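Residue numbers (this note's numbering): 162 to 738.
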DNA sequence: GCCGTTTTCGGCCCGACTGTTTTCAGTCG
């Protein structure tokens, strides 16, 4: 049997149905339903597990028809309806819509009137000049189309958060230095801490918006200017990443930030709710449709309070029930970076870190943590290039750790990121682990074993009385979806055995990620937010872990390293019995 | 196609910018 499809694969199929339906001339609200459903699938826990428990239709925007199609896709990889649409339209037709500047109207006209059905066809039509036979396509539109094709070909897929966020900070620093802009803030998917982003959104306020916009489009790194208006501009960087800037008056900053933080689905739901209260919400303020009065919100919090709901943190704005929770007073108070008292996962030069034991501990102390642990790799019993510690090296390290910590005024715990072997045993014997203060256990090798074997492997690790944290539980990396296992079974085992699941802040991992965290919460799992730092400069990556925790609705009470030291020791002691 | 603290039928978010236009359609977010 084929492996069950990932949420991303299911969402892509739904979007494909959506687009082909539009080509087929189906009604607007019918095909838009598939777009909303795709968004919900993307942000949900693993779909096959929701189906197994009969809770698929609890997702927003998924009713009887679409639920049926999703179940078909999960069983057979596709559904009859999609197959039928794909019969009628060539598979390459969708390439046209991926060209910036080409929308549905243009694509339909090109297909129906010129027989253009692929990117290659479009290039030929541009070359031969036949494209000018279509109405409303002048010189500039055609030039933009040529440029759009180049951008499409050179464009990478989505950009990882770990690359986008530093870039956003760079743009903001540039604008702060060179323009009369205030309130400069990253909005959009970067602010929401999505794992990957399609573009970067920056907002600011100014009483001289023209000066801000002209400096922005004149930035050295801008390869092309896509749009330049009086309050809004877009540029492309080399590689095709798009940056959008929006400037509004100071008194509208709250509305502006709310609007451009999204998500799209969140905003649609927010505005639909507002309309029912006779209020029209946009970046230009909230208009009371009865009195005609506009409410300008200086702060984002005022937008939500004007609508009669609790403030919703940016990371939670996915259109996945947060508005209902904010209205009902059941939105959890999510953990913040400032709530953390320590960090359980970091490496030094004893294994594969870049800084010495002393440098790491000193840097941790400088961050103001009460405690932390040094968790160098185990040596993995010869299964790979050995960069970890063996038992005697670990004992040697342990003899130094506490003394150095005391010198810098921080409680340094002795730990190990011990490998979980293929059968679920650990790389150190129990009596060796018993000498440590806390133990992180992770899968690094034999990642392609079967789903059942992987499930059993991780559960067995959870059942070891000395394992306190499962490090980066799914193995997700930028170009790897993570190994397959029964998430629900592992979450249940973690909760049952008093084993925490890590939210790893290394920007190449971000594992667990938001939707899985939210799923795990239902099982009563305890989490840790860790940096997985391999050098002092990476300790700040813990903020990415907190971002994912917030996307997963995690409170500080659910985070082990937001608790006092004695509670951490009690957590370890309780499992050892 | 989905959904409900006005509705199980009749609704369904909002606005900026561009290019080709004599007043607006198309695209995008």
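Beta carbons: idealized from backbone N, C-alpha and C, even for Gly. Given the structure is predicted, the values throughout are model-derived calculations rather than measurements.
- Separation of residue 386 and residue 701 (C-alpha to C-alpha, rounded to the nearest whole angstrom) is 34 Å.
- Excluding residues up to 5 positions away in sequence, 530, 531, 532, 722, 723, 724, 725, 726 lie with their Cβ nearer than 8 Å to the Cβ of residue 502 in the same chain.
- The DSSP assignment places complete alpha helix (DSSP H) segments of no fewer than 4 residues inside the region 414 to 499 at 414 to 422, 425 to 437, 461 to 467, 483 to 489, in order along the chain.
- If you look at residue 688, you'll find it in the beta strand (DSSP E) that goes 688 to 691.
- Cβ atoms of residue 687 and residue 639 stay farther apart than 8 Å, at about 27 Å.
- Contact between residue 430 and residue 484 holds, with the beta-carbon distance rounding to 5 Å and staying under 8 Å.
- The distance from the Cβ of residue 664 to that of residue 706 is about 4 Å, consistent with a contact at the 8 Å cut-off.
- Sorting 482, 627, 511 by C-alpha distance to the C-alpha of residue 424 places 482 at the top.
- Residue range 225 to 237 is occupied by the alpha helix (DSSP H) that includes residue 234.
- Between residue 560 and the set 571, 521, 575, 549, the nearest pair of CA atoms involves 575.
- When rounded, the separation of the alpha-carbon atoms in residue 368 and residue 344 is 12 Å.
- Straight through space, the alpha carbons of residue 292 and residue 182 are spaced by roughly 25 Å.
- Note: residue 539 is bridge-paired with 550 in the DSSP secondary-structure output.
- By DSSP's assignment, residue 244 forms no beta bridge with any residue.
- By DSSP's assignment, residue 364 forms a beta bridge with 346, 407.
- Nearest neighbour of residue 176 by Cα position, chosen from 734, 196, 580, turns out to be 196.
- Annotation: the continuous beta strand (DSSP E) that includes residue 572 extends over 572 to 575.
- DSSP places residue 560 in the helix class (H, G or I) of the three-state scheme.
- Between residue 681 and residue 662 the beta-carbon gap is near 6 Å, inside 8 Å, which marks them as a contact.
- The criterion of a C-beta distance shorter than 8 Å is satisfied by residue 644 and residue 608.
- Taking 8 Å as the upper bound for CB-CB distance, residue 577 and residue 555 are in contact here, some 6 Å apart.
- The beta carbon of residue 286 sits closer than 8 Å to the beta carbons of 271, 275, 277, 292 from its chain, once the five residues preceding and following it are set aside; these are given in chain order.
- The region 515 to 527 makes contact with the region 561 to 569, as at least three CB pairs between them are under 8 Å.
- Look at residue 372 here: in three-state DSSP terms it is helix.
- Following the DSSP letters along the chain, one finds residue 580 inside the beta strand (DSSP E) bounded by residues 578 to 580.
- In this structure, the alpha-carbon of residue 617 lies about 8 Å from that of residue 584.
- A check of alpha carbon separations from residue 581 across 572, 633, 592, 570 identifies 633 as the nearest.
- When the alpha-carbon of residue 476 is set against those of 467, 396, 675, 307, the nearest one is in 675.
- Only residues of its own chain outside the window of five on either side were considered, and among them 389, 390, 391, 392, 393, 394, 406, 408 have a CB closer than 8 Å to the CB of residue 374, listed in chain order.
- Across the structure, residue 268 and residue 471 are spaced so that their CA atoms are roughly 43 Å apart.
- Here the alpha carbons of residue 445 and residue 396 stand approximately 23 Å from one another.
- Where residue 393 is concerned, the enclosing beta strand (DSSP E) starts and stops at 393 to 398.
- Here residue 388 is bridged, per DSSP, to 395.
- Of the other Cβ atoms in all chains shown, 16 or more fall within 10 Å of the Cβ of residue 478; this residue is therefore buried.
- The three-state secondary structure of residue 641, taken from DSSP, is strand.
- Contact annotation: residue 247 and residue 240 have beta-carbon atoms that are not nearer than 8 Å.
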